[in-house]
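Q:
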Amino acid sequence: MAAPNGLANGVNGHANGTIEPKRFSDIPNVLDVTVNEGGDVEQVEIDLVELNDDPTELCILLENENVVKSTWMTIAFAYAKQHRTALAIDILQKARDAFSRAGAEEKLSILSALFWLNLCMCREAPRLRPDNTGPEVKTKEQWIQAATANLNDASRISPSYAPLFLARGVLYLLRASAITQTKSGAPDSAERTDALRQAAKCFDDSLRAYGGKNLMAMLGKARVQYSLGKYADALASYQKVLGQAPDMMDPDPRIGIGCCLWQLGYKEDAKNAWERALELCPDSKTANILLGLYHLNISSQYSTTSPEFAPIYKKAMVQYTQKAFKLDDKYPLSCATFGGYFLMRKAMAQVERLSRRSIDFTDVNAVASDGWYLLGRKEHYENEISKALEYYQRADTARGGEDRGYLPAKFGMAQIRIMMQDFEGAKLRLEKIIQQSKSTEALILLGSLYAEDVFAAQAANSKEDKSNELKKAISLLESVRSAWRDPKRKVSPDTAVLLNLARLYETDHPEKSLQCLHQVEQMELDEIPEEDRPDEPQAPDPTQENYDVAKEVYEEAKRAHLNALRENLPPQLLNNMGCFYYQQEKYAQARELFQSALNACVKVGDKDQSVDTDALVTTISYSLARTYEAEGMLDEAKKVYEGLLQRHGDYVDANIRLTYIKLRQSPQDEGPKAMSELYKAESTNLEVRALYGWFQRKAKKRTGNIHEDQEQRHYKHTLQHYDKHDRYSLTGMGNIYLAFAREMRRDTEQDKDKRRKMYQRAVEFFDKALQLDSKNAYAAQGIGIALIECNKDFNGAVQLFTKVRETMKDASVYINLGHVYCELRQYSRAIENYEAALAKDRARDATILACLGRVWLLKGKQEKSIQAMRTSLEYSQRVSATKLARGTKTNEIQALEVAPEQDHFKFNVAFVQIQIAQLIHVLPENVRSLEEVEAAAKGLDDAIEAFSAIAKSPNPPFPRQDIEARANMGRNTQRKQLDRAIQSQREYEEKNAAKLKEARERREAEIRQREEEKRQKEEAEAERQRQVQEERQKMQERDRELAAKRADEEKRVQDAEMTTDSETGERKKRQKKSRGGGGGGKRKKKGAESDSEGEAGSDSEAGGKGRRSRRRTTTSATPGGSDDDKPRKKKKRKLERKAPATKVQNSKYKSSEFVQSDDDSDLDDAAQAANESLAAKVHAAEEGGSPPPRPDAESGDEEAPTASRNRKRVVDDDDEDEDGGTAAPANNGGEADTPMGGLEDDEGHLDARVDVHGVI
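Under UniProt numbering, the residue at position 95 of the sequence shown is numbered 95, and the numbers go up by one with no gaps.
1) Taking its Cβ as the centre, do 16 or more other Cβ atoms sit within 10 Å of residue 381, making it buried, or is it exposed?
2) Does DSSP put residue 385 in a helix, a strand or coil?
3) In this structure, does DSSP put residue 155 in helix, strand or coil?
4) For the beta strand (DSSP E) containing residue 42, name the first residue and the last one.
5) Using 8 Å as the Cβ pair cut-off and three pairs as the minimum, do the segment 187–206 and the segment 235–245 touch?
6) Pick helix, strand or coil for residue 446, following the three-state DSSP scheme.
7) Per DSSP, what kind of secondary structure is residue 140 in: helix, strand or coil?
8) On the three-pair Cβ rule with 8 Å, is the segment 610–626 touching the segment 572–580?
9) Which value, in whole angstroms, describes the spacing of the CA atoms of residue 155 and residue 63?
10) At a cut of 8 Å, does the segment 518–525 reach the segment 560–570 through at least three beta carbon pairs?
11) Between which two residues does the alpha helix (DSSP H) carrying residue 495 extend?
12) Sort out for me which residues DSSP pairs residue 30 with in a bridge.
13) Out of 668, 669, 639, 666, which has the shortest C-alpha to C-alpha gap to residue 655?
14) For the candidate residues 87, 76, 80, 66, whose alpha-carbon lies nearest to that of residue 100?
15) Could you pull out every residue in the same chain whose Cβ sits closer than 8 Å to the Cβ of residue 46, ignoring the five residues on either side in sequence?
16) What residue range does the alpha helix (DSSP H) around residue 928 cover?
17) Name the one or two DSSP bridge partners that residue 1069 has.
18) Does residue 944 pass the burial test, meaning 16 or more other C-beta atoms within 10 Å, or should it be called exposed?
19) For residue 125, which residues from the same chain have a beta carbon less than 7 Å from its beta carbon, with the 5 sequence-adjacent residues on both sides left out?
20) Roughly how many whole angstroms lie between the Cα atoms of residue 1016 and residue 1007?
21) When you compare the CB positions of residue 940 and residue 975, do they come within less than 8 Å of one another, or not?
22) Which partner residues does residue 35 have in the DSSP bridge list?
23) Does residue 60 pass the burial test, meaning 16 or more other C-beta atoms within 10 Å, or should it be called exposed?
24) Going by C-alpha distance, which of 866, 825, 904 is nearest residue 846?
25) Given a cut-off of 8 Å on the beta-carbon distance, is the pair residue 470 and residue 454 in contact?
26) Quick check: what's the CA-CA separation for residue 545 versus residue 583?
27) Can you tell me the Cβ-Cβ gap for residue 777 and residue 808, rounded? I've got them flagged as a contact below 8 Å.
28) What distance in whole Å lies between the Cβ atoms of residue 462 and residue 500, which are believed to be in contact at a cut-off of 8 Å?
29) How many whole angstroms separate the CB atoms of residue 816 and residue 785, which I take to be in contact at a CB cut-off of 8 Å?
30) Rank 419, 271, 165 by C-alpha distance to the C-alpha of residue 221 and give the top, closest one.
31) Tell me which residues share the same chain as residue 820 and place their Cβ nearer than 6 Å to its Cβ, disregarding the 5 neighbours each side in the sequence.
32) Thinking C-beta only, is residue 827 closer than 8 Å to residue 858?
33) Count the other CB atoms within 10 Å of the CB of residue 1162; is the residue buried (16 or more) or exposed (fewer)?
34) Look up residue 345 in the DSSP assignment and say whether it is helix, strand or coil.
35) Spatial neighbours of residue 554 within its chain, please: CB distance less than 7 Å, with the 5 preceding and 5 following residues excluded, ordered by chain position.
36) Can you find the residues in the same chain that come closer than 6 Å, C-beta to C-beta, to residue 412, ignoring five residues on each side of it along the sequence?
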């Protein structure tokens, strides 16, 4: 097979896989120069391998001997071949002087060579003159100026000199590369674009001058297209060059092809192109460094902790970058790449050296930008902020700056701004970075800056609105979180982002905050080493016995395993998660987390002695004790608080909680003592004073004068002498004024005005508390209560308290909602809210119980429900029991006697009993029962006694005369009414007892009858199902029998068709025997208009021998079936020979066989008779006689022979002709011929027509 491009097999025509460079390949090792000395001509041999360091003598010799121009240039190129370009330039400059008076062509070639050598020196020269160097060291710009001067000199001699077009294009291209681009995504700057267009024009001129064969001009044009961003066009140009010169290596078009493919997104193809270039030239520094950058790009897609990262990074640095650096340690791209490696290794001296080289020796701004960026990173690491900022700015400017620039350098400048405390400047730069590229690092840093603004405002209790910063921070950090889920980006999650999000969500979205913490927890769990992981429990088998029990054990083991794993996590994380669960009232989960956090503190202390584990343990223990309190485990909470106080006696918060527990458990003895001790020790502590105010509100005696209220005096003293902005005291004062306003009289306008002023005073305290804390839901609720009670806007109150409930899940909110619903007479909803308040650790709150008693009483009166009244009585009595539990161990009456100040609770019980008595009296006799009436009478007696006792107490809840009047009414009126009600109810029930019994018996009989009918129906249905099942089984059995019969019949038929071979003795299928001498072909159809003909045949047995017959009818009806009842005309047959009557004649055509199926047994007798008659006709026709009459015809009653027939062939009624019984016209006007099986026609051929119609 021929190789592509007409080259031989091998690698692009090179069997060894490599291509030797052709540059300077035509320079000989020895050059002979003719020298004339004294008239003698001699040949002086000049060694072009071992060249002198000073070519001055050689130049004098060449000048004196007037050697040709080619000799000068050969010697100069020999020096250039050995990379002694400066000496080569000196030689050519002397040659230029020597040929100053020569022709234009010789001068042009020398100037052109000087131009290219100056450009070679430009590539190796530094951008800036290094320090401590003399003027002999030229910069790139100086060499470019020298090359430009040579080009201008040559252009003045001959502007159309063909090699100058290529020179001009390269010079324009070089100058364009030094011009930075200005805007990202926008066209390049006008100056750069103009330079590139001029370069493209020069390359086009060069191509025209050389007839399109100048490959260097084609490469230059491809480079221009690449610089303009036309990567597809540049790729086509590079491929065209490679197609015309596949062995071209210096420069290598494969490098350009790879770069174009990289920019077009085909990075694997780019790698293949560079690998091909490296295969052809293993010492290509460009191919090596580009492959190194490719593998570095691949490694950047993995985390540094990933196992895939290390081998790829090592291959990039060792196999490719290091080799490129060894080939040329001043190659800018290799220096910049190696500088990044040494920066990671913190080898700052090497970073400085390599970065300077990449800046000095490059003619590409992007590479210089990398060098400046490395210097900026180095100074940043060494905390040289000013230098780092300068180098970052230079790196950014080298790539265009402003809207374009270098994103890592911009990010570095933002970091420096943060270090300089210029946060606004940092935010501005980061915002621009995000507009250009969704950099994950920029998103994280900017989101963290906005988050810190929010956190700082929260810590300082600032009133400044930071909602905008909060939204920005959440949006930025959530976008980073979304990037983690994108598999293409391969960004590793960062716990710092999640922790910041958790803090941002903490106030408004605690569930999202907890979700972030759970994600951090999972990340931390995944990083636990295997040796620290406990054994995981095994899931139970679902098929095993007691699976439910085993599953519960497994779930418990899973929780224990998770808690054991959590002990390896940071305790701060576990504590925060526990706090969120505590706020969600999921106390069991919070308790588990706090306990795991305590165990984690022990492990942290063992691993790192510098961690302050005591502070962690103290904080987490306090949180655990609060959880015990919420769960009602007060004894466990007391133990934790006492342990904390033993270790830290000055822990006031723990002492406050311990005192609160004692007040709840022992409000009469231990609690007040503990409160007194705490208040004496920490009377200046505002939290202690708040608890003391709460204690006074629970223990104080009711008074009608607000100024005599002990709680009010305490709050007033706190505000005057300790902190006038104490929010608890302000809210407490508002609640006191609110309570007094609610109890004030409203009889006169003066009373109403005083009451209104009291409400206004309460609102003032609440408003001041809200000014200090805009999220104080208690103060907002107080204002709502005051406005609602003044304006009676209960519908608006529902909306207000519902909003407050979303913020504050306190029992007071539910109590207020219950009050409002009670005023709206929505008693069911009121009960729901009171019950919710009671469930929030207020199960023994007498106020809520009293409210429940009241609302059930109102519900009972509205619905006239005795059951609701009883529930009201139960709650009212529960209040008394609650007071008993707080006081003594005696019964309820004794509790009320020892607590005379609680007469209003006793009054409530009596009042409910009075209401029950009134309701029972008015209820119809068919609704109430005798037991209920007697119970109401007993309750009425208790109420009368209670009212009498309350009226004699020193501080009755209502005027004595009113209470005594109610007691007298109960004693004189209601008691008599109930006595009469008891008598009438007893008579009613005795009178209706028989009717009730009869109705009950009738009802029971109806129930029994329905059950009996249901049972009978079920039995009948069961019987029907059984019969259906039996019938189905019988049908299946019958089907099986019929299937067996069919199988036997088919087997018998198959056996009948088989015979025994006389030669082999094997069974084989019976062969058909041919008749007559010839053809056996089919005859033509007689008459084109003849109707279909019926055919019937059957096998009959006579005398024990089988017989086959075939009959062809030409009529459509049996005799006697036509309209005119004409006798059937005999058919003539022409026979050549006739077999003996005793010989069995086998027909050439087998008659159709009929196997009778199950459905055939249902044929009626008439059809059977017709079939038998037809068979008789066939038999008679074979014997030559006329067929016998049909069994059902009038002319006779002969019976068709059927005894010897075991299979029948039936002709259907459809065999009749459509003409109504007339014979079909004979062929060619002759008689109708009915050939039979086994007979021959007039010509001695068997009839081959077989017309079958209606065979059953």
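All C-beta atoms, glycine included, are put in the ideal place defined by N, C-alpha and C.
A: Put simply:
1) exposed
2) helix
3) Residue 155 falls in the helix class under three-state DSSP.
4) 40–47
5) no
6) It is helical.
7) helix
8) yes
9) Each residue's alpha carbon lies about 25 Å from the other.
10) yes
11) 495–505
12) 47
13) 639
14) 66
15) Taking C-beta separations shorter than 8 Å and ignoring five residues to either side along the sequence, the partners of residue 46 in its chain run 30, 31, 32, 33, 58, 75, following chain order.
16) First-last for residue 928: undefined, no H or E at that position.
17) 1058
18) buried
19) 138, 139, 140, 143
20) 14 Å
21) yes
22) 42
23) exposed
24) 904
25) yes
26) 41 Å
27) 3 Å
28) Actually they are not in contact, since the Cβ atoms of residue 500 and residue 462 sit about 19 Å apart, beyond 8 Å.
29) By a beta-carbon distance limit of 8 Å, residue 816 contacts residue 785. Their separation comes to about 6 Å.
30) 165
31) 794, 797, 798
32) In this structure, the beta-carbon distance from residue 858 to residue 827 falls below 8 Å.
33) Unreliable placement is indicated for residue 1162, whose pLDDT of 45 sits below 50; no coordinate value is reported for it.
34) coil
35) 537, 539, 540
36) 376, 392
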